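Chains as they are written, first to last, in this note's numbering: chain L, 1092 to 1512; chain V, 1092 to 1512; chain Y, 1092 to 1512; chain S, 1092 to 1512. All C-beta atoms in this analysis are idealised placements derived from N, C-alpha and C, irrespective of residue type, glycine included. Quantities reported herein were computed from a predicted structural model and do not represent experimental measurements. As structure tokens, the structure follows; a few thoughts come after it.
4 protein chains.
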Amino acid sequence: MATRANSVPHPTLVQVDPFISAHEQRGIHNRWHPDIPAFATVKPGQVFNIECVDWTGAQIGNNDCSDDVKNVDLTKIHNLSGPIAVEGAEPGDCLVVDILDVRPFDKMPWGYTGIFELENGGGLFAREFNSRAAKAIWDFHGVYATSRHIPGVRFAGVSHPGLIGTAPSAELLATWNKREGELVAANPNAVPPVAFLPNATGAYVGQELPNDVREKIYREGARTVPGREHGGNCDIKNLSRGSRCYFPVFVKGANLSVGDLHFSQGDVKISFCGAIEMAGIITFSTSIIKGGVEKFALKQPIFLPSPVDPLYSAKLVFEGISVDVHGDGKQYDMDATVAYKQAALNAITYLMKLGYTREQAYLLLSAAPVESHVGAIVDSPNACVTLALPLGIFEHDILPKEEGLTKKNFGQCAIRSDGVV
Amino acid sequence: MATRANSVPHPTLVQVDPFISAHEQRGIHNRWHPDIPAFATVKPGQVFNIECVDWTGAQIGNNDCSDDVKNVDLTKIHNLSGPIAVEGAEPGDCLVVDILDVRPFDKMPWGYTGIFELENGGGLFAREFNSRAAKAIWDFHGVYATSRHIPGVRFAGVSHPGLIGTAPSAELLATWNKREGELVAANPNAVPPVAFLPNATGAYVGQELPNDVREKIYREGARTVPGREHGGNCDIKNLSRGSRCYFPVFVKGANLSVGDLHFSQGDVKISFCGAIEMAGIITFSTSIIKGGVEKFALKQPIFLPSPVDPLYSAKLVFEGISVDVHGDGKQYDMDATVAYKQAALNAITYLMKLGYTREQAYLLLSAAPVESHVGAIVDSPNACVTLALPLGIFEHDILPKEEGLTKKNFGQCAIRSDGVV
Amino acid sequence: MATRANSVPHPTLVQVDPFISAHEQRGIHNRWHPDIPAFATVKPGQVFNIECVDWTGAQIGNNDCSDDVKNVDLTKIHNLSGPIAVEGAEPGDCLVVDILDVRPFDKMPWGYTGIFELENGGGLFAREFNSRAAKAIWDFHGVYATSRHIPGVRFAGVSHPGLIGTAPSAELLATWNKREGELVAANPNAVPPVAFLPNATGAYVGQELPNDVREKIYREGARTVPGREHGGNCDIKNLSRGSRCYFPVFVKGANLSVGDLHFSQGDVKISFCGAIEMAGIITFSTSIIKGGVEKFALKQPIFLPSPVDPLYSAKLVFEGISVDVHGDGKQYDMDATVAYKQAALNAITYLMKLGYTREQAYLLLSAAPVESHVGAIVDSPNACVTLALPLGIFEHDILPKEEGLTKKNFGQCAIRSDGVV
Amino acid sequence: MATRANSVPHPTLVQVDPFISAHEQRGIHNRWHPDIPAFATVKPGQVFNIECVDWTGAQIGNNDCSDDVKNVDLTKIHNLSGPIAVEGAEPGDCLVVDILDVRPFDKMPWGYTGIFELENGGGLFAREFNSRAAKAIWDFHGVYATSRHIPGVRFAGVSHPGLIGTAPSAELLATWNKREGELVAANPNAVPPVAFLPNATGAYVGQELPNDVREKIYREGARTVPGREHGGNCDIKNLSRGSRCYFPVFVKGANLSVGDLHFSQGDVKISFCGAIEMAGIITFSTSIIKGGVEKFALKQPIFLPSPVDPLYSAKLVFEGISVDVHGDGKQYDMDATVAYKQAALNAITYLMKLGYTREQAYLLLSAAPVESHVGAIVDSPNACVTLALPLGIFEHDILPKEEGLTKKNFGQCAIRSDGVV
């Protein structure tokens, strides 16, 4: 019939199996390095798909026990698909990337959010809470997610890549390694560590390479944990399907890599494995603006958010000021991180009044489309940060009432087999 | 005719003249202290107006020179109207405050945004920029503001009180003074100071009081600069007309005070006198939830934002990571304040490519309905903060273009009479 | 002090008293005619205020009886303030009007919505319901309205002029009178009448004029009920404060008139006196685009909505199709008016399940920020129209529940002294 | 690895091939009738997929000629997948349907919008324009659509089923056939016809059935063109992925059918094949509320819109009043259909000033996320309807400018091989 003609699917340039270990698959790498060759090349304007395993490379299971989170091998993260070279891109150009779609594999309609152990990953409250492994499994029902581990909520995901970036130049990589090395050197005994330095253990590149090249990459390659000047692990929920990003180009071809897909995440990614982590498919098209780094003063990526985000307009908002770290009651000097922690703690305490456990609340704030705004960082000595909990994600009324809040029993999320939380 | 019957205006409980020095007027105080008596009392449910002078108490003029900003007397800020007691409120209760409206005086349809001197007020970039006084005057045209000092922008204000809070108890006040005193003691030579401690100079209470009471208030009263557990100078743009706030009550009657009205402010209040400062009228109603502090775990206010905010959905977003303070290139450990500064600097640099001066850009980010979100504070060592510039506030297209950005001449904002910027 | 200098309020070009009959006041007219001289003249770019009485000119009172609605004199509506001439405007130009603000008088913080008698005004359901006079008084609390006659709702107003337009030319006026006369001639006995033709009774112009001129205006002047090519009584809620309108100019000076201010109205203005009617102040500025009628093919006004509308994103939506007028069960041919009626009836029936009376529901749909969208008018024979009831305006949960809807007692709105509804 | 366990995809209950004629495939029917047996049965709460061919059943091709539209066989539309029975549903119940996702087949990333011939389908302007076949092919790039036939626009789709409904009872079906038959009888020579009556030609049911049953269905089955009390072809863009619908149940099992998927449609579906028609996959879950028809007074479906719609807040709005049908200049009596046509014509004329052809403009209004609101239907004799064109879908500035509009050359959409438009 008429519809068959000219029905050409968009090509899939990296194909992966979300059920197989990432290091056994082609097209997946887990370090940033200029010497990782392009795995595929596209022309500007072409629409293409990239498949991604989840950020751990299939280490976390759909079950009711968090031992897999406890024992996760963090030398193997994050698993990135690519790099994809764009014809004509040169250092100093701006690579325009349209994130056209992000979705889970049909055969894996679930994801997870995890609290990591203090000694293996940590998280914003790892020290305050002396965190032990916990997790929530989320089931995907089309645009919605629900969790048997956090009953009473249901929300539309604002899907996006947690991690996307262009390859660094050798100079930029050296800068990263130097400055992060200095930070670690200044905090030698921090638990969790203040930064993750290059580490050959667990590294892979997803391609056949000469031994010396591969070993150089393993030895020097920047870890994927932080976001940096090239993008990387920014965990910005607004880099969602429908958004347009402007990346600085540091190497010929730009060499774009992507991974760590999220079905949903709010502003408040506070557990180390915040967001609803998933494996899935991302669709891109690209273009190049010659000399864009200079034209737009691109020190880091800039972007246009998508028009398609979920609209949860009614919210309950919590405030935090830069006073008190783990009960010390101290005044901190316009420290937005402390203020943010306080706002999150205030929200967690409120959710516990409704019957959620501390772990459930911690996971929920990381996974749901929560917003966090910086109010002001100028009213010495207090920074003020807000955290807005959308009312529409709850199946029950959570508003303050004359008679107080009704405490329900929501059970508990998945915890360790030894019962320690 | 028929309409005359039952036409009863809402009462105005504090009446001020925006053209007269605040300390000469009744009902205006500028310190937080439990012993300041209620200036007026309302019943729960009553709708009432409160008039406010601008935060400086008429020190800043509608002119083209910033000398008044340079010489502003900061011992006299912020000027608060009140306190207003609510019948029946007791410590431990929750005071529900509906912010029903906020608007300028008809006779003073303008406001201002200021960059303060490094040595007199400072601001987020006071040290980096070695700030000298500058300002922008904004003209109000109904819901819109424009400025002859920052041409090419026009936006709807999201009006709100910069400063609103209940009176502290003696215990809470003592806690504030102790913790802030310790911070100052630890940073004795900071310029600008890291906190503003009690200071009898410039203090007033707007009422006749016995000398010993007044002097105690002057001696002990907390300064108004930071937001604290009672609300205060939170500078949260979402506390706008139409919002409902839940304040903890610390003294009998709650003793609500308000001031520092803003015609508009974004999340990014980065200049010390960010926001569009105005004198005006705020309309409230209140109710009481007995024992609300315990019921809702109220460590700080919580609130429901208004449904009436301006909707500028299309935005250009800048990112910042916690690297580099004033060019040091250093890696900071998940410091959201540094990340926020970087996002703001990236936006300022971009605006300068369009032709705005650094001062204009600094003021614009403080005054316009800009959004700043915390992305993630968990991806060690980089916190990631975004700053979203709404496209709809510009009268010209500011998007990245293939051909680069067009640099226009927007002149300069109001600067000092000696020309120093 | 510094603030006094250059504090110049926007001028008020038409000043009225909302408690005095409209025909006794200067600057108020109630017919459209090219020969009504400009009451005031402005320059392009100038910001100015216009005061307006309510549309009936003070005929309706703040009380609990609808007899004033029953007996309202409709020859005296709508009361328009103006006309305002804009220097330089010529026929064929486009008059750009910025609606900068709309607000009630401080001394009259209330408004009303009315169901009119079948024989005196009517309304969309006048015949189906055999309408008798009823009304709801709304109290304004800043941006919010509530009504003692319709308990359980509270919403932010999206204030706008129900009626705004430029003066018609003699030719355009003749066209109106001809086509409307033909419609009346074809439906001579309709109750309520299908159109209101020129009628000297009750007419006034708000200015001293030679008798012959005044009498010509009275004799020929178009009634104000319908919207027409010049704007007029379009009752578009989106012409709200913050919007920019482009009007065709038909006479020298454009001669803009405005009145019938609404504190709030949804898309669904179904009672003849739908909307929350108020007296108040509107703020404008204008500019001229020469030859704009041709440039933009202006057959009627076009406009840019305001960014400041209330955001009630969660809604319950009712559908209507073009079947059934007053129980006849008949199929109508893609008739959007019938479909709209059905959607409104479905919503009214639903509200009655919640305990509202039919009159309360009818008034509420007219006054609240309800949305009505045309779905499709192409699927013969059914047009499909939707009506969306915002959940956030109700103080209780109105969603469909497994256990059905809870019927509360909300009393009744204001009805006639003889008790007939 | 860990992810393999418990990875169970949602089942697909109807599987189709979008490249094969609908009548050759199982599970596709194109009439409404109570005797069509359920094709599959689900339990309440189950998540499942349904695949759908495009509404014509593969009659329209991805090419640059509209002859396929000219010759389309309308006896074969609309192709519906199902019916799906829900265990436990009985007449009088309410079937709650969650539309969890709607997306095109990966292998068919395109869709189309068509103008149909006056004599074969028609459309809102079929008579005014004497419509000849034309079409636009849209390419899907993730959430976005673009068309080589309408250059200069790109927008995010708000995907939804154009047609979804429960099976009618025998009584309801008889009512439909009676009332529509009477309308046709009263307009015997209308071109296009005012309604489509039962017609055995082209009918099919997608299942093996006894001859007498099948023939009864063919003879009596209601055509799919209009929306009716059971839902059906409502073409409501807000029934989008993420929405929850409440359908009345008329037969045991409810027997839900769905088809006519749209990648995008605005409120303004004015061409007979408005919307961007596509083949694809829809994901559902269901639940039952016993006795819901009575509980909620369900005369027609009601629904909760999705939180995930595209947000295009800046718009240019056109008005229409109920004057003039095809140039007759006549006054119509509060006829919203006429007002809607006028608003659409005003928008089409404006788009032609920008360089689009009349056919391109007609197709664009049908396909893009345009909004159309009913302003008021009470201001006799004019109904007022608005049409809002989102600025963000255009790649160029379409706002009114001092200097007028810039007319570009956008070519033409796909037209007939004989060149007639």
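Near chain L, meaning a CB-to-CB distance below 9 Å, the residues of the region 1473-1499 of chain Y are 1482, 1483, 1488.
Listed in chain order, the non-local C-beta contacts of residue 1101(S) below 8 Å within the same chain comprise 1138, 1139, 1140, 1374, local neighbours out to five positions each way being set aside.
The way I'd put it, the region 1459-1473 of chain S does touch the region 1349-1363 of chain Y; three or more beta-carbon pairs between them come closer than 8 Å. Looking from the CA of residue 1306(Y), the closest CA among 1320(Y), 1291(Y), 1316(Y) belongs to 1291(Y). The beta carbon of residue 1337(S) sits no closer than 8 Å to any beta carbon of chain L. Every beta strand (DSSP E) stretch that sits fully inside the region 1322-1382 of chain Y and reaches 3 residues is listed by chain position as 1335-1339, 1347-1355, 1364-1368, 1371-1380. Contact of residue 1258(Y) with chain S is not assigned, every C-beta pair being separated by 8 Å or more.
Put simply, the CB of residue 1402(L) is near chain Y, with a gap under 8 Å to one of its CB atoms.
Around residue 1440(L), the beta-carbon contacts reaching into chain V at under 8 Å are 1388, 1390.
Annotation: Cβ neighbours of residue 1425(V) in chain L (cutoff 7 Å, chain order): 1428. In this model, residue 1366(S) and residue 1203(S) are separated by some 8 Å (Cα to Cα).
As for any alpha helix (DSSP H) of minimum length 4 sitting wholly inside the region 1266-1330 of chain L, the runs are 1302-1311, ordered along the chain.
Residue-level contact by beta carbon holds for residue 1405(L) and chain Y, with a gap shorter than 8 Å. Within chain V, the residues placing a beta-carbon under 7 Å from that of residue 1462(L) are 1464, ordered along the chain. Using a Cβ-Cβ cut-off of 8 Å, residue 1374(Y) is close to 1232, 1233 of chain V, given in chain order.
Minimum Cα-Cα distance from residue 1163(S) among the listed residues 1364(S), 1308(S), 1333(S), 1335(S) corresponds to 1364(S). Annotated three-state conformation of residue 1451(L) is helix, per DSSP.
Around residue 1398(Y), the beta-carbon contacts reaching into chain S at under 9 Å are 1404, 1405. Taking the C-beta atoms as reference points, residue 1397(S) is found nearer than 8 Å to residue 1331(S). Neighbours of residue 1431(L) across chain V, judged by C-beta separation under 7 Å: 1427, 1465, 1468. Within the model, the alpha-carbon separation for residue 1310(V) versus residue 1300(V) is close to 14 Å.
When secondary structure is reduced to three states using DSSP, residue 1205(L) falls in the strand class. Under the three-state reduction of DSSP output, residue 1130(L) falls in the coil class, being neither helix nor strand.
Secondary structure at residue 1399(V): coil, using DSSP grouped into helix, strand and coil. Judged by beta-carbon spacing, residue 1187(Y) lies within the 8 Å limit of residue 1378(Y), meaning their Cβ atoms are closer than that value.
Following the DSSP letters along the chain, one finds residue 1193(S) inside the beta strand (DSSP E) bounded by residues 1185-1195. Per DSSP, reduced to three states, the secondary structure at residue 1427(S) is helical. DSSP places residue 1219(S) inside the alpha helix (DSSP H), whose first and last residues are 1217-1220. By the neighbour-count criterion, in which a residue is buried when 16 or more other Cβ atoms sit within 10 angstroms of its Cβ, residue 1161(S) is buried.
Among the CB atoms of chain V, none fall inside 8 Å of the CB of residue 1186(Y). For residue 1506(L), not one C-beta of chain V is nearer than 8 Å to its own C-beta.
Exclusion of the five residues before and after residue 1166(L) leaves 1290, 1292, 1293 as the residues of its chain whose Cβ lies within less than 7 Å of its Cβ.
Against chain V, a Cβ distance below 7 Å from residue 1358(L) picks out 1464, 1465, 1466. At a cut-off of 8 Å between C-beta atoms, residue 1362(L) counts as an interface residue with respect to chain V.
Residue 1095(L) has a beta carbon lying within less than 8 Å of a beta carbon in chain S. Remark: C-beta atoms of residue 1249(L) and residue 1234(S) do not approach each other more closely than 8 Å.
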